[in-house]
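Enquirer: One structure is given below, represented as structure tokens, and several questions about it will come after.
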Ligand code: FES
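In my numbering, the protein residues as written are 426 to 664.
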């Protein structure tokens, strides 16, 4: 089957975007948006749907196995991993492909996710003492470790915007993991920053739960992180 990829493109250091369509002849049922982009870029001047020479489509990928998060983009209005988006899911054969909208666009489908990593650094999400995982927390820790920092959750979050005070769901899995592995005395600063940058700004829309490519139960992680970082500490202060 032949698919049309309508791609929102932008050149480097240029603000204006434009749509350009490319056709791709699928070679197997398992072909994804990533397969199509890879095939189109095998030529240094891929032909667009009008038969005109174009420039290669910039996008990011690494693992092609839904493990690194690099290929996150908006496909038919939904944030997804290109390597997980089967072409045959499209009923019409035409797919709209856009960069994530919450981050600055570098070029075409490549965005700059620096703010996501800066937010993790602000929260100081690393153990400064030896962490210990209790048996009853293993499931939670495993679920937390599924996060690949792709940014899909931030794309649909009504409260997150780049450089805003609210850091969004992308910081919750790592926070949950550390809160469950460290003692309250050792996670005091992480809990304080979490309360300020996550708990305080989350409107509980849980839109993140519907789009997470790793199917993380974001609600479960939020409930646990809120309990450890906020409610438990408030209770302790009242004693
Ligand atoms: S390339 Fe790694 S998740 Fe898609």
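Heads up, the beta-carbon is just placed ideally off N, CA and C, and yes, glycines get one too.
Find the nearest neighbour of residue 456 within the set 497, 650, 512 and 446, judged by alpha-carbon distance.
Expert: Here residue 456 refers to the residue found at position 31 of the chain shown. Here the closest residue by C-alpha is 512.
Enquirer: Is the beta carbon of residue 472 within less than 7 angstroms of some heavy atom of ligand 1?
Expert: What you label residue 472 is simply residue 47 of the chain shown in a count that begins at 1. No, the Cβ of residue 472 stays beyond 7 angstroms of every heavy atom of ligand 1.
Enquirer: Along the beta strand (DSSP E) that carries residue 489, what are the first and last residues, could you check?
Expert: For the purposes of this step, residue 489 is identified with residue 64 of the chain shown, where counting begins at 1. From DSSP, residue 489 is part of no beta strand (DSSP E); its letter is neither H nor E.
Enquirer: Closer than 7 angstroms by C-beta to residue 538: which residues in its own chain qualify, once you throw out the five before and the five after it? Chain order, please.
Expert: Walking along the chain shown from the start, residue 538 turns up at place 113. Excluding positions up to five away in sequence, the list reads 528 and 576.
Enquirer: Is the beta carbon of residue 540 closer than 8 angstroms to that of residue 587?
Expert: Taking the first residue of the chain shown as position 1, residue 587 is located at position 162. Taking the first residue of the chain shown as position 1, residue 540 is located at position 115. Yes. Within cutoff.
Enquirer: If you drop the 5 nearest sequence neighbours on each side, which residues of the same chain put their C-beta closer than 7 angstroms to that of residue 493?
Expert: Within the chain shown, numbered from 1, the residue matching residue 493 stands at position 68. Closer than 7 angstroms at the Cβ level, and outside the excluded window around residue 493, lie 487 and 573.
Enquirer: With residue 434 as the anchor, note down where its beta strand (DSSP E) starts and where it stops.
Expert: Locating residue 434 in the chain shown gives position 9, where the first residue counts as 1. Where residue 434 is concerned, the enclosing beta strand (DSSP E) stretches over 427-434.
Enquirer: Check whether the Cβ of residue 494 sits closer than 7 angstroms to any heavy atom of ligand 1, and report yes or no.
Expert: Taking the first residue of the chain shown as position 1, residue 494 is located at position 69. Result yes, Cβ under 7 angstroms from ligand 1.
Enquirer: Using 8 angstroms as the threshold, is the C-beta distance between residue 579 and residue 593 below it?
Expert: Counting from one through the chain shown, the residue named residue 579 turns up at place 154. Counting from one through the chain shown, the residue named residue 593 turns up at place 168. Yes, Cβ-Cβ distance for residue 579 and residue 593 is below 8 angstroms.
Enquirer: Out of 582, 650 and 524, point me to the one whose CA is closest to residue 435's CA.
Expert: The residue you call residue 435 lines up with position 10 of the chain shown. The shortest C-alpha separation from residue 435 is found at 524.
Enquirer: Are there any heavy atoms of ligand 3 lying less than 7 angstroms away from the beta-carbon of residue 579, as far as the coordinates show?
Expert: As far as ligands go, the structure on display features ligand 1 and does not contain ligand 3.
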